[in-house]
Amino acid sequence: MPVNWREHIVSTPDVLRGKPRIKGTRIPVSLILGYLASNNTVEQIMDEFPDIVKEQIAACLDYARDLSDFETVA
């Protein structure tokens with residue numbers, strides 16, 4: 030099931046200095062991506078952060094994919 034990251038990821042200047050985070054939490058996307066990069070499973074991440082669900086973790090990956098597709102013109 031595809032996840033639209035825009036439903037789960039927010040960035041506001043008054044929380045975490047505007048870093049992208051999981052909506053309703055102070056958990057930055059970068060932290061979740063770091064856990065995934067360290068070969069933690071979705072279940073392990075949810076055990077560590079009981080306030081988040083599988084769809085929010087998938088949204089972090091979808092967010093990262095969108096960022097990697099961003100192109101700049103030199």
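When we follow our numbering, the leftmost residue of the sequence shown carries the number 30, and every step to the right adds one.
Beta carbons: idealized from backbone N, C-alpha and C, even for Gly.
query	result
Under 9 Å between C-beta atoms of E84 and V32	yes
Distance, R94 Cα to K48 Cα	17 Å
Identified DSSP bridge partners for V39	R50
First and last residue of the uninterrupted alpha helix (DSSP H) at R94	83-97
7 Å Cβ shell around I56 - same chain, five flanking residues per side excluded	R50, F78, I81
Same chain, Cβ closer than 8 Å to D63, five either side skipped, listed in chain order	Before going on, a small fix: residue 63 reads as Gly here, not Asp. Closer than 8 Å at Cβ, skipping near neighbours: no residue.
When V58, D76, V44, D43 are compared against L90, the one with the closest alpha-carbon	V58
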